[in-house]
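Working notes for the structure below.
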Amino acid sequence: MMKRTMMIVLFCLCAFSVSFAQEPTPAETPQIGPPRPGLTPPSQEPQPYEKVITKDAKSKKGVFTVHQIKDKYYYEIPKDEVNKEFLWNTRIAKTTLEVDYGVVADPRAPISLAVKAANNDAILMSFPVAAFGPNGSAVIEVTRLFSTDVFELSARQRLNATMMDATRSYIDRISAYPENIEVEATHTYSRMPSPAGLTAPTAAAGGMRPGSATVVLHHSMVKLPEKPMMPRLGYFTANTIDYSRDEHRAQRVRYIDRWRLEKKDPTAELSEPIKPIVYYIDPATPAKWAPWLKRGVEDWQKAFEAAGFKNAIIARDAPTRAQDPDFSVEDVRYSVIRWLPSTIENAVGPNIHDPRTGEVLNADIMFYHNIMNLQRDWYFIQVGALDPRAQRLPLPD
């Protein structure tokens, strides 16, 4: 099964907590240690806000304010968002590793101190504070985070590539929303030749030929819920190893990946949810199949009604660009039934979930175009003896 999600990391803002301890002055600006070559720009003191965020800035307000000044990008991080946890998801949009929640312990248990020490947050990149906003927010330049080859965010290994060519790589766009930041960047990699000089595409490289590979990476940075959902046991699962349990060895704990459905009226036998599950139909879906995909989604309403929820799952057509210019099927806020131009006879349903609890934050369904051939063959073979419509090809719609 092909996985859409390349990696999930936790992006930590702890580097700025010292700066927010009190009103900053140039004399109090913390010194930043020697940078790793090629990763961290030289240390510098914050500049006046107006000098960094000039009148030429194109700004988008969201969980962070994103400023674009020519070919540079800045995040303005509010004080309230410092030390909050965000989920970072990177996937190839066109053509997971540490830090994670793989090991846990009850924070009230003494062993949690050892677990925390053994599971220290990795630093992907450090950023000098370029300026402080009028309300104390920190402005950092993030251009290099998305225009250079950061190992944890890179597609290099998946593409069997040797290096990224920065001269053929660039940031396409950064969008800011109330709970998430979405980034698309085009990266070009140099790929190693195939064994024995073959030039045919290989499965390990996603069907690409040797030479250059240009892909679009989509990064989603999602603010995790302030109040984590109550975990449930089940399947599919988010796995952790809990060191604070009473057993003689650390036990693996599995939480079900599930949507956070909560009744608007907890006293009602049947109530609409506070936040329903909404699936959007990819605009690229063939028109003849779109109504059936919507019906397939909403046929699940009966199952949710048995669990006490009315209108718990809804299917909608994706808005047009005129209706919502900011809508994107790659935006992690939206769960989308995607239609992909591929000869693969399959469909997959990856999800993005809160690793602390298993709460599903996004769950796309990916239909590969040739799945219709598989469905036809299955129906013809399995039902042909019972259904006269299946006794000749092509099958009727």
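Going by the working numbering, 196 is the number at position 188 of the sequence shown; the sequence numbering is gapless. We put the CB at the ideal spot given by N, CA and C, even for glycine.
Report task. Give the secondary structure of A146 by DSSP, where H, G and I count as helix, E and B as strand, and everything else as coil. Result -> strand
Query raised in the report: Using DSSP with H/G/I as helix, E/B as strand and the rest coil, what is N381?
Result: helix
Requested in this report: Would you kindly work out how many angstroms separate the C-alpha atoms of H195 and Y288, rounded to a whole number?
Outcome: Distance between the alpha carbons of H195 and Y288 is about 28 Å.
Report task. With a cut-off of 8 Å on the beta carbons, I'd call A193 and F154 a contact; round off their distance for me. Result -> Yes, A193 and F154 are in contact; Cβ-Cβ is about 5 Å, under 8 Å.
Query raised in the report: Per DSSP, A371 forms a beta bridge with which residues?
Result: N359
Report task. Check whether the region 337-357 touches the region 286-305, counting contact only when three or more Cβ pairs, one atom from each stretch, lie closer than 8 Å. Result -> yes
Requested in this report: Could you tell me the distance, in whole angstroms, from the CA atom of N378 to the CA atom of V391?
Outcome: 20 Å
Report task. Please classify T170: is it buried, with 16 or more other beta-carbons within 10 angstroms of its beta-carbon, or exposed? Result -> exposed
Query raised in the report: Three or more beta-carbon pairs under 8 Å between the region 130-147 and the region 292-303, yes or no?
Result: no
Query raised in the report: On the premise that K231 lies in contact with V71, defined as a C-beta separation below 8 Å, what is that separation, rounded to the nearest angstrom?
Result: 5 Å
**Report entry** DSSP bridge partner residues for K66 (one or two, in chain order)
**Finding:** Q76
Requested in this report: Could you check the C-alpha separation between G215 and F159 for me, to the nearest Å?
Outcome: In this prediction, G215 has a pLDDT of 46, which is less than 50 and means its spatial position is unreliable; what the coordinates show is noted afterwards. Rounded to whole angstroms, G215 to F159 spans 22 Å at the Cα level.
Query raised in the report: Among all the DSSP beta bridges, which residues are the ones paired with M229?
Result: M229 is bridged to W96 and I189.
Query raised in the report: Near L278, what residues of its chain come up, given a Cβ to Cβ distance below 8 Å and the 5 sequence neighbours on each side ignored?
Result: E313, G316, F317 and K318
Report task. Tell me whether E313 sits in a helix, a strand or coil according to DSSP, three-state version. Result -> helix
Query raised in the report: Which residue's Cα is closest to the Cα of Y178: K59, I85, Q52 and V150?
Result: V150
Query raised in the report: Under the criterion of a Cβ to heavy atom distance below 7 Å, does Y185 qualify as lining the ligand ZN?
Result: The ligand content of the structure shown is nil, which means the ligand ZN is not present either.
**Report entry** Euclidean distance between Cα positions of D332 and R324
**Finding:** 14 Å
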